[in-house]
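Asks:
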């Protein structure tokens, strides 16, 4: 049995009973839903003293902006879950 989007009534009872699938304790996902990555460096430069004392200069650079998209496919599709509940 495969549930199409229009026939999602077979899925709704599962999510109503168990809640959001991303919070299920028995759900094992290799990657988090959100993943942030950044690096920080800090150094002191005496040239700032020539400008204004007791100030902070913050310089934000984006030398390279990379976007990576991942696609995960379940080992068991929603249709399999629906057929087990019937």
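Residue numbers (UniProt numbering): 1 to 86. Just so it is clear, CB atoms sit at the ideal spot from N, CA and C, and this is done for glycine as well. In this text, all values refer to a predicted model and were calculated from it rather than measured experimentally.
1) Taking the alpha-carbon positions, what's the residue 17 to residue 69 distance?
2) Can you give me the start and stop residues for the alpha helix (DSSP H) that residue 13 sits inside?
3) Look up residue 21 in the DSSP assignment and say whether it is helix, strand or coil.
4) Taking just the CA atoms, how far does residue 26 sit from residue 15?
Replies: Quick answer:
1) One-based indexing of the chain shown puts residue 17 at position 17. One-based indexing of the chain shown puts residue 69 at position 69. Cα-Cα distance, rounded: 31 Å.
2) Looking up residue 13 in the chain shown gives position 13. 12-18 is the extent of the alpha helix (DSSP H) around residue 13.
3) Taking the chain shown and counting its residues from 1, one reaches residue 21 at position 21. Helix, per DSSP.
4) The residue given as residue 15 occupies position 15 in the chain shown. The residue given as residue 26 occupies position 26 in the chain shown. Using only the alpha carbons, I get a separation of about 14 Å.
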